[in-house]
Amino acid sequence: MKTPLRAMQFIKKNVHYLIVAAIIAGLLNVYFTGGWKVPKTVILSVMMFLVILPVMINLKIDEVFKHLKEPKVLFLSLAVNFTISPLIAYILGKIFFINHPDLFVALTILSFIPTSAMTAAWTSLSGGKVETAMFLIPANLLFAAFIAVPFILPRIIGSQMTISSFTFIKSILIVFFIPLLVGLVIRTFLIRKFGIETFNREIKPELSGISSIGIVILSFLVLSMSRTKLLFSHPNIVTVIVIPLIIYYISMLIFSTIYAKFLVIKNILKPEEAIVVAFASAVRHLNITLAIILITFPVDKAALMVLFVVLGFIIQIPLLGFYVQHYAKDFIINHRKRKLQKVAA
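If you want it as structure tokens, here you go:
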């Protein structure tokens, strides 16, 4: 195995530990030096070229059009991601973030940006239908970009912050559409030059690793900013963030699991499709959430919002890993056994 590929796999596998290390390094920097005034251009450059662009190169928009003839699974996924998820976030925000409107907004944005490449990874590990995952990822993101974020999100957060739809449209253009077009051009060039097999085997894994490196660097830079001195005078803010964030993820997992079981019991979806809907609902696209926050809000005022998303990386990966090991695999196996037993009877 090539050394760069081995290094990228190590980074992806241990990204949550590396993020913790980056947070600690950033806070130590603030403690000993007083923090830095990091220019927004530096933050945005790291975000766009290391975090977002690799994601867009890997995004297969053409999968959406291939599966439009079978829209049922898409509508079932959208129903959870853009009704239940924002509702849970709104309730938690009103309970826990009554004195922190910036964190209320961060949680709400998070609730509107579903799925990620990890949806396909968790699906594969569970024995689910990866083709369905590869369809739901871009479809959900396109709905979020075209409709949910620019037109629905501002109405929900209006009581906390006054942000126009135009502001979010501009953010989506910068965060989503421009990188998407550039990524499509780069993806096409790479596949034509090296072939689809080489792209999937050697290039695609390294792109995911680059995105992980970007998150680690971004975590360090943002936590190194002088505004994070607030964490030393108010250390309880981490607890304020973590508790509702964990409740949000657990609530989404519980609801998604019950929803998936219902879809299978009623013969609406097969088990290997239903579990994809569950993952597409529980997993959040933290990279794009972070990008929207950094584009939309001044960097110095978004420190706690960024910390919120960074802590999301630490929580999401191990929690979903635990879910796969202790439930998702058995979900598919058990339903298949019951189906065979019915056929035998």
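If you number the sequence shown the way the working numbering does, the last residue is 345 and the count never jumps. By construction, the Cβ of each residue, glycine as well, lies at the ideal position given by its N, Cα and C atoms.
Where does the unbroken alpha helix (DSSP H) through residue i begin, and where does it stop?
{"i": "P154", "result": "153-156"}
{"i": "V51", "result": "Note, V51: premise wrong, no alpha helix (DSSP H); not H, not E."}
{"i": "L290", "result": "286-296"}
{"i": "D62", "result": "62-66"}
{"i": "G321", "result": "303-323"}
{"i": "I137", "result": "130-143"}
{"i": "I258", "result": "237-265"}
{"i": "V73", "result": "72-79"}
{"i": "L231", "result": "230-233"}
Around the C-beta of residue i, are 16 or more other C-beta atoms found within 10 angstroms, so that it is buried, or is it exposed?
{"i": "S212", "result": "buried"}
{"i": "M1", "result": "With a pLDDT of 48 at M1, under the threshold of 50, the predicted position of this residue should be treated as unreliable, though the coordinate-derived value follows. With fewer than 16 other Cβ atoms within 10 Å, it is exposed."}
{"i": "G158", "result": "exposed"}
{"i": "L53", "result": "buried"}
{"i": "A353", "result": "Since the first residue of the chain shown is 1 and the last is 345, residue 353 is not available in this structure."}
{"i": "I292", "result": "buried"}
{"i": "S124", "result": "exposed"}
{"i": "S45", "result": "exposed"}
{"i": "I196", "result": "exposed"}
{"i": "F322", "result": "exposed"}
{"i": "V222", "result": "buried"}
{"i": "L28", "result": "exposed"}
{"i": "T83", "result": "exposed"}
{"i": "H335", "result": "buried"}
{"i": "A145", "result": "buried"}
{"i": "E70", "result": "exposed"}
{"i": "L181", "result": "exposed"}
{"i": "E273", "result": "buried"}
{"i": "F166", "result": "exposed"}
{"i": "Y17", "result": "exposed"}
{"i": "F75", "result": "exposed"}
{"i": "S164", "result": "exposed"}
{"i": "F151", "result": "exposed"}
{"i": "I241", "result": "buried"}
{"i": "A89", "result": "buried"}
{"i": "V42", "result": "exposed"}
{"i": "R201", "result": "exposed"}
{"i": "R192", "result": "exposed"}
{"i": "Q341", "result": "exposed"}
Which partner residues does residue i have in the DSSP bridge list?
{"i": "M225", "result": "W36"}
{"i": "P114", "result": "R284"}
Out of the options, which one is the CA nearest neighbour of residue i?
{"i": "Q316", "options": "D330, H326, V299, H285", "result": "H285"}
{"i": "A22", "options": "N267, S219, D330, V310", "result": "S219"}
{"i": "L263", "options": "I246, K72, L173, A144", "result": "K72"}
{"i": "V283", "options": "M118, I333, A133", "result": "M118"}
{"i": "L141", "options": "S77, V30, I210, M225", "result": "S77"}
{"i": "F308", "options": "L110, L340, M161", "result": "L110"}
{"i": "M47", "options": "V299, A280, K13", "result": "V299"}
{"i": "I57", "options": "K266, I250, I178", "result": "I178"}
{"i": "I314", "options": "A328, K266, I215, T41", "result": "I215"}
{"i": "N287", "options": "V277, N236, F176", "result": "F176"}
{"i": "Y31", "options": "M225, I250, P318", "result": "M225"}
{"i": "D330", "options": "P271, T167, I295, V310", "result": "P271"}
{"i": "V51", "options": "A121, F96, K12", "result": "K12"}
{"i": "I113", "options": "I61, V149, Q325, K339", "result": "V149"}
{"i": "N81", "options": "I333, A278, R192", "result": "A278"}
{"i": "K129", "options": "I332, S233, Q341", "result": "I332"}
{"i": "A133", "options": "I275, L340, M305, T296", "result": "I275"}
{"i": "I19", "options": "N99, H326, L311, L340", "result": "L311"}
{"i": "I156", "options": "Y248, A106, E63", "result": "A106"}
{"i": "K161", "options": "I217, P205, H100, L190", "result": "According to the sequence provided, residue 161 is Met. The question's Lys does not apply to it. Comparing Cα positions, the closest option is H100."}
{"i": "D62", "options": "T239, I210, E131", "result": "E131"}
{"i": "V306", "options": "I191, N267, V238", "result": "V238"}
{"i": "L153", "options": "L319, A120, I191, T296", "result": "T296"}
{"i": "T108", "options": "A328, L319, G26, Y249", "result": "Y249"}
Please indicate yes or no: does the CB of residue i lie closer than 7 Å to some heavy atom of the ligand NAP?
{"i": "K229", "result": "Among the ligands in the structure shown, none appear at all, so the ligand NAP cannot be discussed."}
query: Mind pulling the alpha helix (DSSP H) runs of 4 or more residues that sit fully within the region 83-112?
result: 85-96, 101-111
field: Minimum length 4: unbroken alpha helix (DSSP H) runs contained in the region 155-193
entry: 165-172
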